[in-house]
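Engineer: A single structure is presented below for examination.
There are 2 protein chains.
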Amino acid sequence: MKREPKRAMPRAKSAEKNARSAKAGTRKPSLAPTRRERVQSKEDAIIAAAHKSLTTRGFAKTTMSEIARKAGVAEGTLYLYFSNKNALARAVLAVFYKRLTQTAKTGVAKCATTREKLEFLARHHLESIIGERRLLELIASDVRNTDAYEGSDVYKMNREYVAVFDDVMRGGVWRGEIEDGAAQWIKRDIFFGSLEYSMRTLLMKKRSSKKDVAAVVAELVKLLMGGAGVRTEPMSNRDLTKAVERVDAAALRLERLSAVKM
Amino acid sequence: MKREPKRAMPRAKSAEKNARSAKAGTRKPSLAPTRRERVQSKEDAIIAAAHKSLTTRGFAKTTMSEIARKAGVAEGTLYLYFSNKNALARAVLAVFYKRLTQTAKTGVAKCATTREKLEFLARHHLESIIGERRLLELIASDVRNTDAYEGSDVYKMNREYVAVFDDVMRGGVWRGEIEDGAAQWIKRDIFFGSLEYSMRTLLMKKRSSKKDVAAVVAELVKLLMGGAGVRTEPMSNRDLTKAVERVDAAALRLERLSAVKM
DNA sequence: CATATATGATGAATATCACTCAGTCATTAA
DNA sequence: TTAATGACTGAGTGATATTCATCATATATG
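So the sequence lines, in the order shown, correspond to chains A and B. If you count the first sequence from 1, you need to add 1125 to reach our numbering. If you count the second sequence from 1, you need to add 1125 to reach our numbering.
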């Protein structure tokens, strides 16, 4: 847990140039993978192997040789693709976030109301992190503190992920379904913080039932929606305020009226 | 990060027998420390050294030899007192929790209302964990997962600590200051989860001002108190509803009145 | 007081890692 | 065919947690 290398990774750079051989006039399309494809699939294999080890045994107990064995490469090869164990773990996390964001987006899109969207997001998040709880350890500890976290892939992916929540909340406020209370970052922290802490509690319970998950989700959404449980569709703050103003004005007129008459 | 030893710690057992020499008739009280006192003070020195290293450099970068040097003992000696690095870290955490519980209890006792108690607890927790953020890493990762966490000192101390919050909440509900909503464990998770997540956000902000801490605390307490914030801020849905009812009733009376008069 | 025994303490030795690097192999270019 | 480039390898290195044979001191016992 120290020596951070400086050497740039000789690893295959990102996308582009999927075109095989442009001059494929006479030759068959050649089913053999190109060098670039082979490199890519090897990188995928390494990440998959690391993912498996990390999620089942945790960061500390996962060894590089174990990953190498699972991925079918030599130990040294790992360092051609990732500069160190932390970087590899970050790559795994980035994949996790990418998938999480994808499923979150499509799920939210299917929901009609803000309440439904929030409920879906909460349950989705909670169930996902329960499944891959070991990955979350990474975020809290090493991976987040050593070398550059901001600017890393995980950081960017994480931003994209929480943006899904932000959009839902802002949409809800805009449509008057949620009262516009605290700053957005506070709501975000309450949302994700509560869920991640609940995860620990749920994991410690001997039999954490579906009901427990549902209870956490319901309570959290209730709080974020403005606490006005009232079931069904609570009036928005905006609407209530307008109603008060109307009633108040009416009362005032009546008072003046009766004052005249009296 | 593996070999967990089985050998029982030959470490000095807990309290009792502070009495030096009971037959202190003729002899002076003997200022020389007893064996037990020497052992105790050495244990304290080790924990203090470990605390310093852990909080400044984090778990991974803290080495046992570093701790031994700081504590003024040989490396092997550490293992007479703590079975391994994890156990030592847990001991440090236990001390942290003990102090935290102490200050929390006395602080809460000084507050009059439930709201004040909650606000104090939230601010106290947030400021404490910001100060010793490195210790919290431990909880999320290794220390909590390896070997027996339940039944450990940290676990018990943690239970005691969160009990302070539980008491405040239950007291508030009992006195009608808080609506009795979700299960207690859910409220607890929301409280501590939000704060610990906020900590990360605050630490990433370049200049996390007092105002940010205050904002998080205020919002969280507002939510837990049932939204009945009343706070300067916009009225809660619940209060607005009540206000509408009051105004509505008044208007009704006036209408009847003017109807009679008319 | 002298000796025996238990309790503490030590640090060199061991086992595991993460990480490096000199060299091999394979594919493409000339 | 040969040269050059890129990909890969695994024995080697240094760091670190943990063990253990041994020593030191204090207490108990005669």
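Ideal Cβ placement from N, Cα and C applies to all residues, glycine included. Since we're looking at a predicted model, the values are computed, not measured.
Using the rule of at least 16 other Cβ atoms within 10 Å of the residue's Cβ for burial, across every protein chain shown, is residue 1314 (chain B) buried or exposed?
Structural biologist: Residue 1314 (chain B) is buried by the Cβ-count criterion.
Engineer: Near residue 1176 (chain B), what residues of its chain come up, given a Cβ to Cβ distance below 6 Å and the 5 sequence neighbours on each side ignored?
Structural biologist: Once the five neighbours on either side are set aside, the close Cβ partners of residue 1176 (chain B) are 1217.
Engineer: Mapping DSSP to helix, strand and coil, what is residue 1282 (chain B)?
Structural biologist: The answer is helix: DSSP assigns residue 1282 (chain B) an H, G or I state.
Engineer: Counting only C-beta atoms, is residue 1262 (chain A) closer than 8 Å to chain B at any point?
Structural biologist: Yes - at least one Cβ of chain B is within 8 Å of the one on residue 1262 (chain A).
Engineer: Within this structure, are the beta carbons of residue 1184 (chain A) and residue 1214 (chain A) separated by less than 8 Å?
Structural biologist: Yes, they are a contact pair.
Engineer: Find the nearest neighbour of residue 1220 (chain B) within the set B:1236, B:1209, B:1257, B:1200, judged by alpha-carbon distance.
Structural biologist: It is B:1257 whose Cα lies nearest to the Cα of residue 1220 (chain B).
Engineer: Just to confirm, are residue 1322 (chain A) and residue 1290 (chain B) a CB contact at a threshold of 8 Å?
Structural biologist: No, the pair does not count as a contact, with Cβ atoms beyond the cut-off.
Engineer: Please report the residue range of the alpha helix (DSSP H) in which residue 1178 (chain B) lies.
Structural biologist: 1160-1182 is the span of the alpha helix (DSSP H), which, as asked, contains residue 1178 (chain B).
Engineer: Out of curiosity, what's the CA-to-CA distance linking residue 1335 (chain A) and residue 1286 (chain B)?
Structural biologist: Near 28 Å, if we compare the C-alpha coordinates of residue 1286 (chain B) and residue 1335 (chain A).
Engineer: Between the alpha carbons of residue 1202 (chain B) and residue 1281 (chain B), how many angstroms are there, rounded?
Structural biologist: If I take the Cα positions, the gap works out to 26 Å.
Engineer: Starting from the C-beta of residue 1172 (chain A), find all residues in its chain whose C-beta is less than 7 Å away, skip the five residues before and the five after it, and write them out in chain order.
Structural biologist: Cβ neighbours of residue 1172 (chain A) beyond the five flanking positions: 1216, 1217, 1220.
Engineer: Roughly how many angstroms separate the alpha carbons of residue 1260 (chain A) and residue 1222 (chain A), rounded to a whole number?
Structural biologist: For residue 1260 (chain A) and residue 1222 (chain A), the distance between alpha carbons rounds to 10 Å.
Engineer: Taking the CB atoms as reference points, tell me whether residue 1239 (chain A) and residue 1293 (chain A) lie closer together than 8 Å.
Structural biologist: Result yes, Cβ atoms of residue 1239 (chain A) and residue 1293 (chain A) sit closer than 8 Å.
Engineer: Using the rule of at least 16 other Cβ atoms within 10 Å of the residue's Cβ for burial, across every protein chain shown, is residue 1187 (chain B) buried or exposed?
Structural biologist: By the neighbour-count rule (16 or more Cβ atoms within 10 Å), residue 1187 (chain B) is buried.
Engineer: Return the Cβ separation of residue 1351 (chain B) and residue 1306 (chain B) in integer angstroms, given the expectation that the two are a contact with Cβ distance under 8 Å.
Structural biologist: Contact holds; Cβ gap of about 7 Å.
Engineer: Contact check, residue 1346 (chain A) vs residue 1225 (chain A) under 8 Å by CB: the rounded distance?
Structural biologist: Their Cβ separation, rounded to whole angstroms, is 19 Å, which puts residue 1346 (chain A) and residue 1225 (chain A) out of contact at 8 Å.
Engineer: Express the C-alpha separation of residue 1304 (chain A) and residue 1311 (chain A) in angstroms, rounding to a whole number.
Structural biologist: So the two alpha carbons sit approximately 14 Å from each other.
Engineer: Contact criterion: CB-CB distance below 8 Å. Does residue 1299 (chain B) meet it with respect to chain A?
Structural biologist: By this cut-off, residue 1299 (chain B) is not an interface position.
Engineer: Report the rounded CA-to-CA distance for residue 1356 (chain A) versus residue 1343 (chain B), giving the unit in angstroms.
Structural biologist: Residue placement at residue 1356 (chain A) is poorly supported in this model, since its pLDDT is 35, which falls under 50; the coordinates still yield a value, given next. In a straight line, the C-alpha of residue 1356 (chain A) is about 25 Å away from that of residue 1343 (chain B).
Engineer: Examine chain B for any beta-carbon lying closer than 8 Å to the beta-carbon of residue 1218 (chain A), and answer yes or no.
Structural biologist: By this cut-off, residue 1218 (chain A) is not an interface position.
Engineer: Quick check for students: name the residue ranges of the alpha helix (DSSP H) that lie wholly in the region 1321-1354 of chain B, counting only runs of 4 or more.
Structural biologist: For the region 1321-1354 of chain B, whole alpha helix (DSSP H) runs of length 4 or above, ordered along the chain, are 1335-1349.
Engineer: When the Cα of residue 1205 (chain B) is compared with those of B:1332, B:1229, B:1168, B:1233, which residue comes out closest?
Structural biologist: Among B:1332, B:1229, B:1168, B:1233, the Cα nearest to that of residue 1205 (chain B) belongs to B:1168.
Engineer: Compute the Euclidean distance between the alpha carbons of residue 1390 (chain A) and residue 1329 (chain B), then round it to the nearest angstrom.
Structural biologist: In this structure chain A extends from 1126 to 1387, so residue 1390 (chain A) is not present and cannot be described.
Engineer: In or out: residue 1262 (chain A) buried (at least 16 other Cβ within 10 Å) or exposed?
Structural biologist: When all chains shown are included, residue 1262 (chain A) counts as buried.
Engineer: Alpha helix (DSSP H) containing residue 1204 (chain B): first to last residue?
Structural biologist: Residues 1200-1206.
Engineer: Buried or exposed for residue 1235 (chain A), going by 16 or more other Cβ atoms inside 10 Å?
Structural biologist: Classification of residue 1235 (chain A): exposed, given that the 10 Å Cβ count is below 16.
Engineer: Could you check which residue in B:1180, B:1277, B:1246 has the C-alpha nearest to that of residue 1319 (chain B)?
Structural biologist: The residue with the shortest Cα to Cα distance from residue 1319 (chain B) is B:1246.
Engineer: Could you give the C-beta distance for residue 1255 (chain A) and residue 1324 (chain A), rounded to a whole number, given that I count them as a contact under 8 Å?
Structural biologist: Going by Cβ atoms, the distance from residue 1255 (chain A) to residue 1324 (chain A) rounds to 5 Å, so yes, they are a contact pair.
Engineer: How is the alpha helix (DSSP H) around residue 1190 (chain B) delimited, first residue to last?
Structural biologist: That run of the alpha helix (DSSP H) goes 1189-1196.
Engineer: How about residue 1311 (chain B): is its C-beta nearer than 8 Å to some C-beta of chain A?
Structural biologist: Chain A contact via Cβ: present.
Engineer: Measure from the C-beta of residue 1341 (chain B) to each C-beta in chain A and report whether the shortest distance is under 8 Å.
Structural biologist: By this cut-off, residue 1341 (chain B) is an interface position.
Engineer: Starting from the beta carbon of residue 1302 (chain B), find every residue of chain A whose beta carbon is closer than 7 Å, and list them in chain order.
Structural biologist: Ordered by position in chain A, no residue passes the 7 Å Cβ test against residue 1302 (chain B), which lies about 15 Å from the chain.
Engineer: Using a beta-carbon distance below 8 Å, is residue 1149 (chain A) in contact with chain B?
Structural biologist: Any answer about residue 1149 (chain A) is weak, because its pLDDT of 33 lies below 50 and its placement is not dependable; what the coordinates show is given next. No, no contact with chain B.
Engineer: Mind checking whether the beta-carbon of residue 1238 (chain A) lies closer than 7 Å to any heavy atom of the ligand HEM?
Structural biologist: Judged by which ligands are present, the structure shown has none, so any question about the ligand HEM falls away.
Engineer: Taking only the alpha-carbon atoms, compute the straight-line gap between residue 1195 (chain B) and residue 1179 (chain B) and give it to the nearest angstrom.
Structural biologist: Rounded to the nearest angstrom, the two C-alpha atoms are 12 Å apart.
Engineer: Using a beta-carbon distance cut-off of less than 8 Å, what residues from the region 1238-1253 of chain B approach chain A?
Structural biologist: Residues: none.
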